[in-house]
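Report on the following structure.
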Amino acid sequence: PPGLGKALRTLWAKEPVIAASFAIGAVALLSPLLSPFAKYSGMINRATPYVYPVPVRDTGNLPDVPSHPC
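Take the sequence shown: its letters are residues 1 to 70, numbered as in UniProt numbering.
Written as structure tokens, this is what we have:
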């Protein structure tokens with residue numbers, strides 16, 4: 001829109017701190033979408049299990065679980 005540039009110039013002239021904070025906020029919101037690391041972090045999160053296997057106490061009644069070597 002043609003009035004957007006004028007509004008931004010007016011905002012920068014009157015309140016540069018607020019204009020800078022809006023610019024920093026916009027960059028902070030857009031940078032994860034444009035970052036190549038977002039792709040890889042998503043791949044890592046999908047590959048990482050939420051539930052890890054927990055060792056069970058060997059009572060001698062677990063024929064399908066191999067015995068511990070120690």
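Here a beta-carbon is modelled for each residue, glycine too, at the ideal position from N, C-alpha and C.
Residue state for P53 is assigned as coil, using DSSP reduced to three classes.
DSSP places P2 in the uninterrupted alpha helix (DSSP H) bounded by P2 to K14. Here A26 is actually not in contact with P32; their C-beta atoms are around 12 Å apart, not less than 8 Å.
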